[in-house]
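Chains as they are written, first to last, in this note's numbering: chain U, 809 to 1336; chain Z, 170 to 549.
First comes the structure, then the notes that go with it.
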């Protein structure tokens, strides 16, 4: 690739002889092509997972069974979770990393360009395995995305397909992360020390280490389910000397860092956008780096707060409560830093900024409900209730998804060379934030009143809030199509974007023309 | 904020729809915004703890976002505000790291006390084992007044209500055939376990939730301060009918409890089966039909057609029409790799009855009777 010394002309030749049509995308090793494919893939999966969410909300519109039978309902909740986490949100941020990290650090491409191609092309087979499992005898996995045994041992072949899909997605994430770590550590422009990297790069460096540490743990856990199912082992079967709760420990040792694998790159995007539209440098850069690292380290030692009701010893409950509460401190530092960045800035409110403020506002709400849940005594009431559903959607949707939109609007001019339609962008934001709250805020009340999660039907006391939530969900789902329109319009045409369309933006990515040429930074740029 | 006219219009419309549905909802029913009214000391502590945390979080939220929105409204470029250049302050960073530590300590202290009390299951007056089955609860009174009582508690809501064919009752999905009855003011210890997959025993008004893990025993406790009927549900996803295994606890006075224990024991003695009795088809099949309705019909359906492919039909099934041993074995041990659970918790007579029923119902007409003694042999 272009990283070969003295290869400027050589790389130029490549730009002319790369295959066209579909083969261009199948064989590409270009970080921009691969980044685009990741982003399109994740949006497609977001739509698929979103349709499943709407099936769920349609069933819950009224008490009684109307739309799907309970077994299909459970398949919907399971696949919605798996697809959104592994198919939509994680690939979206890997897409941002692919596109932006080389541009931000002045590298010509990712470190392992061919592996990059492979880590993307593993995703579609996994997605096909997951979605097509709906059609096999017995249907898809119906155990919730957490795949707790012994329920997972009862399922049909759809469960095996989900396990293999998780394996493939895990391999893809690990390869993507190795690529990101290597790129960030070796390919920065001369003069860019680690503590001068854009914060988005820092957050991905930390996230990539988390991925490499915990995805193998998940792979191990689901493999143990596979052997329990088919090869006579008893890891999670008490009758054979195993323990179902062991699975939960292993799963959440993966699962809690996974929350931050999703959230930390989102922090990174917001940390780029807020200073740009505040026209003021990020407040407390160093403390942001330390806070993010602390969150990542703490995320390894709090896993059992997902399991307060399994019956662990009281000492365990207390330890996990204290450790979990600690996470509030670095998270608070980050929120304070973002607010301090805005303070006495010169603010303007283009769509990326709106989504970032929406993120800040609602992610903090999700953080507070998380703090409430960290209290063991309170969690015993709220665990596995709709309060938890509300909590993690504030973190995942208003957190990660809003941040991804902030990033998409922020960098669309760089990607396409055109400005997006600002009016439609703002419409998208306002529709999203109103319907998001309509869908999920009321779920706090449902959980408090005693509605368990993952049920297809509920008693009459929960009817009103469920109806509001379902109307909100359909509104939210349809609003996301506005983004599709904005993105397609922006690709087709529109006002030409300059190299640096945002007057407050900083960073090397704004020194190359818009749209970014196919090959950039073939010789490392000067970085002061 | 910068808001387009179209966006404003639609946002207003959505707000109006929300306000309307809120108001019309309030007119019909009370929409609870907080935890259920607790009836135990611990429940009140949890209730207050939650309220305290929500208020503290609310105050911090308003303070932080008050600052942010001040900035949003005052420090705007369109108002000609010029950006400052500061971007660091070790003092504030230390301050906003240390202050939250003290706030968190203030929250952790009462929480710790409640947790310690919650886990103290010693010196119980009555001990009851709650066993989760797919999809019902079994209760065994192990110690204290009522020792020896044992029954199964199943959803009592009729199918037509669930399928929207008739009007739903007030306790829709929260009603059972046999309620758990306990005396007021006594410390009741609940041991939880499960037969097949993980379930969770949750009654919000008692502030109790405990997972029921197959192969292990966990425990929890409550001391109710008020009589009445309190309703909860299984809280851990346990398969297809997870939403249909409610828990109903009736708290009664000591006198009423003694009366209930007496009545229950007499009824159990009367209903006890002689395990060596030989039955005819006509005797066993009607009983089997009831057992089928309570245990099997959710998947295999009352008409025996099942819900293929996950839940195969029994009408014309090779297993049902084949050798008795094969069918007995599946009922006793379940079928691995499928949703078919083991039903060995049913008595020999009950299993014999339900097998006899399936072999002589719908188009199945084997004319065979499976006797309780056959099950007994297979069990060993």
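Glycine included, every Cβ here is placed at the ideal spot set by N, Cα and C.
For residue 337/Z, there is no enclosing alpha helix (DSSP H), as DSSP gives it neither H nor E. Under the three-pair Cβ rule at 8 Å, the stretch 1030 to 1042 of chain U does not count as touching the stretch 987 to 1006 of chain U. Contact annotation: in the stretch 320 to 343 of chain Z, residues whose CB is within less than 8 Å of a CB in chain U are 330, 331, 332, 333, 337, 339, 340, 341, 342 and 343.
In the three-state scheme derived from DSSP, where H, G and I count as helix and E and B as strand, residue 1101/U is classed as helix. Taking the C-beta atoms as reference points, residue 1243/U is found no nearer than 7 Å to residue 1254/U. Between residue 313/Z and residue 295/Z the beta-carbon gap is near 4 Å, inside 8 Å, which marks them as a contact.
Rounded to the nearest whole angstrom, the C-alpha separation of residue 1302/U and residue 1296/U is 11 Å. Chain-ordered, the chain U residues with CB closer than 9 Å to the CB of residue 412/Z read 878, 881, 1260, 1262, 1263, 1264, 1265 and 1266.
Closer than 7 Å to the CB of residue 353/Z there is not a single CB belonging to chain U. Using a CB distance below 8 Å, the part of the stretch 246 to 280 of chain Z facing chain U consists of 246, 247, 250, 251, 252, 253, 254, 255, 256, 257, 258, 261, 262, 265, 266, 269, 270, 273, 276, 277 and 280, ordered along the chain. Taking a cut-off of 8 Å for Cβ pairs, the stretch 1087 to 1103 of chain U and the stretch 243 to 258 of chain Z touch, as three or more such pairs fall below it. If you keep only unbroken beta strand (DSSP E) runs of at least 3 residues inside the stretch 1187 to 1250 of chain U, you get nothing at all.
The beta-carbon of residue 865/U is placed no less than 7 Å from the nearest beta-carbon of chain Z. Close partners of residue 1192/U in chain Z (Cβ separation under 7 Å): 369, 404 and 405. Annotation: the continuous beta strand (DSSP E) that includes residue 300/Z extends over 295 to 302.
Between residue 364/Z and residue 310/Z, the gap from beta carbon to beta carbon reaches 7 Å or more. In this structure residue 918/U touches residue 906/U by the C-beta definition: roughly 7 Å separates them, less than 8 Å.
For residue 476/Z, the beta-bridge partners assigned by DSSP are 480/Z. With its beta carbon less than 7 Å from one in chain U, residue 284/Z belongs to the interface. Counting C-beta pairs closer than 8 Å gives three or more between the stretch 856 to 870 of chain U and the stretch 884 to 903 of chain U, which meets the contact rule. Beta-bridge analysis with DSSP links residue 289/Z to no other residue.
Per DSSP, the continuous alpha helix (DSSP H) segment holding residue 922/U begins and ends at 921 to 929. If you draw a straight line from the Cα of residue 1193/U to the Cα of residue 1260/U, it is about 4 Å long.
Per DSSP, the continuous alpha helix (DSSP H) segment holding residue 839/U begins and ends at 839 to 867. Listed along the chain, the chain U residues whose CB falls inside 8 Å of the CB of residue 215/Z are 1185, 1186, 1188 and 1189.
Between the C-alpha atoms of residue 1101/U and residue 1072/U there is a straight-line separation of about 10 Å. One finds 246 and 252 in chain Z with Cβ atoms closer than 8 Å to the Cβ of residue 1087/U, taken in chain order. Counting only runs of at least 4 residues, the stretch 304 to 332 of chain Z fully encloses the following alpha helix (DSSP H) elements, listed from N- to C-terminal order: 328 to 331. Where residue 360/Z is concerned, the enclosing beta strand (DSSP E) starts and stops at 357 to 363. Using a Cβ-Cβ cut-off of 7 Å, residue 1257/U counts as an interface residue toward chain Z, since at least one Cβ of chain Z sits closer than that to its own. DSSP links residue 345/Z through a beta bridge to 324/Z. Judged by pairs of C-beta atoms under 8 Å, the stretch 892 to 904 of chain U does not touch the stretch 872 to 879 of chain U, as fewer than three such pairs exist. For a Cβ distance threshold of 7 Å, nothing in chain Z lies close to residue 892/U: the least Cβ distance comes to about 17 Å. Of the candidates 909/U, 1278/U, 1231/U and 1060/U, 1231/U places its Cα closest to the Cα of residue 1290/U. For residue 233/Z, no pairing in a beta bridge is given by DSSP.
A distance below 7 Å separates the beta carbons of residue 399/Z and residue 418/Z.
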